[in-house]
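A short worksheet on the structure shown next.
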Amino acid sequence: MNIATSCDKTREKINELKQSIFDEKCRIAACGSFPPPNESELLPLVPHPKIRRQLKGHFGKVYALHFAGNSKELVSASQDGKLIIWNSHNMMKSHSIPLRSSWVMTCAFEQSRSEMVACGGLDNLCSIYRITQPQTTRGSSELAGHDGYLSCCRFLDEFKILTTSGDSTCCLWEIERNETVRSFADHTGDVMGVAISPTNRNVFVTGNSARLKILNLCIGSCDATIKLWDLRLPYPIITLQGHDSDINSVVFCPNGVDFGTGSDDSTCQLYDIRCFMCINKFKSEKILCGVTSVSVSRAGRVLFAGMDDFNCYCWDMTKDGMTTLPLWTLSGHDNRVSCIDVCPSGECVCTGSWDTLLKIWS
Numbered sequence: 004m005n006i007a008t009s010c011d012k013t014r015e016k017i018n019e020l021k022q023s024i025f026d027e028k029c030r031i032a033a034c035g036s037f038p039p040p041n042e043s044e045l046l047p048l049v050p051h052p053k054i055r056r057q058l059k060g061h062f063g064k065v066y067a068l069h070f071a072g073n074s075k076e077l078v079s080a081s082q083d084g085k086l087i088i089w090n091s092h093n094m095m096k097s098h099s100i101p102l103r104s105s106w107v108m109t110c111a112f113e114q115s116r117s118e119m120v121a122c123g124g125l126d127n128l129c130s131i132y133r134i135t136q137p138q139t140t141r142g143s144s145e146l147a148g149h150d151g152y153l154s155c156c157r158f159l160d161e162f163k164i165l166t167t168s169g170d171s172t173c174c175l176w177e178i179e180r181n182e183t184v185r186s187f188a189d190h191t192g193d194v195m196g197v198a199i200s201p202t203n204r205n206v207f208v209t210g211n212s213a214r215l216k217i218l219n220l221c222i223g224s225c226d227a228t229i230k231l232w233d234l235r236l237p238y239p240i241i242t243l244q245g246h247d248s249d250i251n252s253v254v255f256c257p258n259g260v261d262f263g264t265g266s267d268d269s270t271c272q273l274y275d276i277r278c279f280m281c282i283n284k285f286k287s288e289k290i291l292c293g294v295t296s297v298s299v300s301r302a303g304r305v306l307f308a309g310m311d312d313f314n315c316y317c318w319d320m321t322k323d324g325m326t327t328l329p330l331w332t333l334s335g336h337d338n339r340v341s342c343i344d345v346c347p348s349g350e351c352v353c354t355g356s357w358d359t360l361l362k363i364w365s
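Take any residue in the sequence shown, count from 1 to its spot, add 3: that is its number in this note's numbering.
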């Protein structure tokens with residue numbers, strides 16, 4: 004068999020696969036969703052979560068929070084210019100770190116050893132703090148390179164961190180050397196969030212305000228797109244669309260193949276990277292405000308969405324999100340729920356609000 008004949012047969016197979024994928028997408032679009040799961044195979048859901056802890060200590064709006072890998076500690080960032088490390092079990096503060104700029108927008112906890120935290124905001128910097136000492140007042144590293152505000156940051160490991168910015172880029176940094184390893188530039192609007200796959204650390208997704216692209220990380224942005232990236236490639240694996248407004252938050256599910264997004268269009272969407280499609284959409288006619296932050300339960304069944312209407316809504320992701328009401332509504336804040344995170348052990352979820360409080364639900 005010569006090369007030309009082999010190429011022709013391969014081309015025919017590719018066209019057949021493309022046609023079968025197109026036919027399957029048409030079938031799914033016609034029926035509205037994938038076949039529902041077998042109810043007997045699903046574990047029963049826990050009762051309605053209640054407030055178990057209330058963390059008081061900030062004097063300004065809480066903009067971000069993130070649990071440590073040990074599920075015990077969490078970091079929160081506020082407009083009062085403080086980065087606070089909390090013990091979520093006894094509600095005590097282990098560190099209160101003064102920031103150079105009070106206009107902080109994001110924070111992150113290193114997951115493997117829980118000895119570093121990071122933050123950033125309108126100062127265009129990503130500041131790294133080591134919390135191995137009783138008192139921490141100065142950052143161990145300052146990563147400067149973005150031309151816009153820092154919207155989100157997440158540790159890849161002890162030595163590298165990912166940041167997203169209003170300059171439409173996502174950067175991978177070498178922490179010890181304070182250097183950019185690689186810059187991912189394909190969005191056309193502010194990149195608002197990033198999520199790293201829990202099963203493949205080379206993959207992340209980003210979201211921005213008008214389009215969606217996917218890379219082995221998940222990134223949300225202001226061009227309303229999501230992009231899926233692989234750290235080893237300078238370009239996105241795919242760009243996904245589906246939202247009508249800015250994408251404020253993205254989160255990977257524990258299985259590493261699904262991820263959720265939250266947008267100013269009042270909807271959350273669930274995507275699958277195996278078919279590069281939206282497989283579920285969560286919306287209620289009673290919810291007219293934007294989604295500020297999203298997170299997923301440890302079992303990968305419940306999607307948590309913080310909202311501008313002071314509530315956090317929780318959807319069962321095995322149900323059709325367009326026809327079923329939220330599973331639970333977590334009401335307790337007196338202002339916008341700006342951030343939300345599920346602890347790695349899955350035992351609780353924490354919400355942060357512009358009312359200066361953090362609440363732990365379980």
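Using N, Cα and C, we set each Cβ at its ideal position, and we do this for glycine too.
query	result
Beta-carbon proximity of D261 to A227, cut-off 8 Å	no
Residues near S130 in its chain [Cβ-Cβ closer than 6 Å; skip 5 each side]	C122, G142 and E145
Closer than 8 Å to chain B by CB, V49	Although the question refers to chain B, the structure presented lacks it and comprises just one protein chain.
Ordered list of beta strand (DSSP E) runs contained in the stretch 130-164, each at least 3 residues	144-147 and 153-158
Contact belief for N283 with G324 at Cβ below 8 Å, rounded distance in angstroms	5 Å
Per-residue burial, R277 [other beta carbons within 10 Å of its own, 16 or more giving buried]	exposed
Assigned exposure category for L236 - 16 Cβ within 10 Å defines buried	exposed
Through-space distance from S365 to P50, alpha-carbon basis	9 Å
Selection from E161, I199 and G72 that minimises the alpha carbon distance to T167	I199
Cα-Cα separation, S9 to Q22	20 Å
Which listed residue (E177, Y238, D150 and L360) has its alpha carbon closest to that of V206	Y238
Proximity below 8 Å, CB of T295 to CB of V340	yes
Cβ shell of T135 (< 6 Å), same chain only, five flanking positions each side left out	E118
For F279, the three-state DSSP class (helix, strand or coil)	coil
Helix, strand or coil at A227 according to DSSP, with G and I counted as helix	coil
Close-in-space but distant-in-sequence residues of the same chain around L328 (CB under 7 Å, 5 per side omitted)	S287
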